[in-house]
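Participant:
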Amino acid sequence: MKRWILPFALMAALAGCSKVTLENYDKLSVGMKKADVEALLGKADSCGDAVLKAQSCQWKSGDKTITVQFLGDTVAVYSRAGF
């Protein structure tokens, strides 16, 4: 029984550590590299297919969503919803 407590406690703690926050959104900027966005927000929950070097990616946590549109490897536009 005791060996189940630590894994569940760890999962509960990690679930509360979302990187989809207003603080992290405010750190985004046009011209940022995709690797820097991923370092800040983690791996995207979804990314559309790149069309003419443009790609839209989303990071989600509950009803909060951060959407970043990349042109090549660089942030062109970003937005938020649910905050």
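The opening residue of the sequence shown carries number 1 in UniProt numbering; numbering runs sequentially from there. Positions of the beta carbon are idealized from the N, C-alpha and C atoms, including for glycine. Predicted model, so just to flag it, every value in this text is computed and none were measured.
1) With distances taken Cα to Cα, identify the nearest neighbour of G82 among K64, Q69, A54.
2) Please classify residue 165 as buried or exposed, where buried requires at least 16 neighbouring CB atoms within 10 angstroms.
3) Rank Y25, T67, L28, S18 by C-alpha distance to the C-alpha of G48 and give the top, closest one.
4) Find the nearest neighbour of C17 within the set K33, A35, V30, L40, judged by alpha-carbon distance.
5) Which residue's Cα is closest to the Cα of F70: K33, G42, D45?
6) Within this structure, are the beta carbons of A76 and C57 separated by less than 8 angstroms?
Facilitator: Walking through what the data contain:
1) K64
2) Within the shown structure, residues of the chain are numbered from 1 to 83, placing residue 165 beyond reach of any answer.
3) T67
4) L40
5) K33
6) Cβ distance not < 8 angstroms, so A76 and C57 don't count as in contact.
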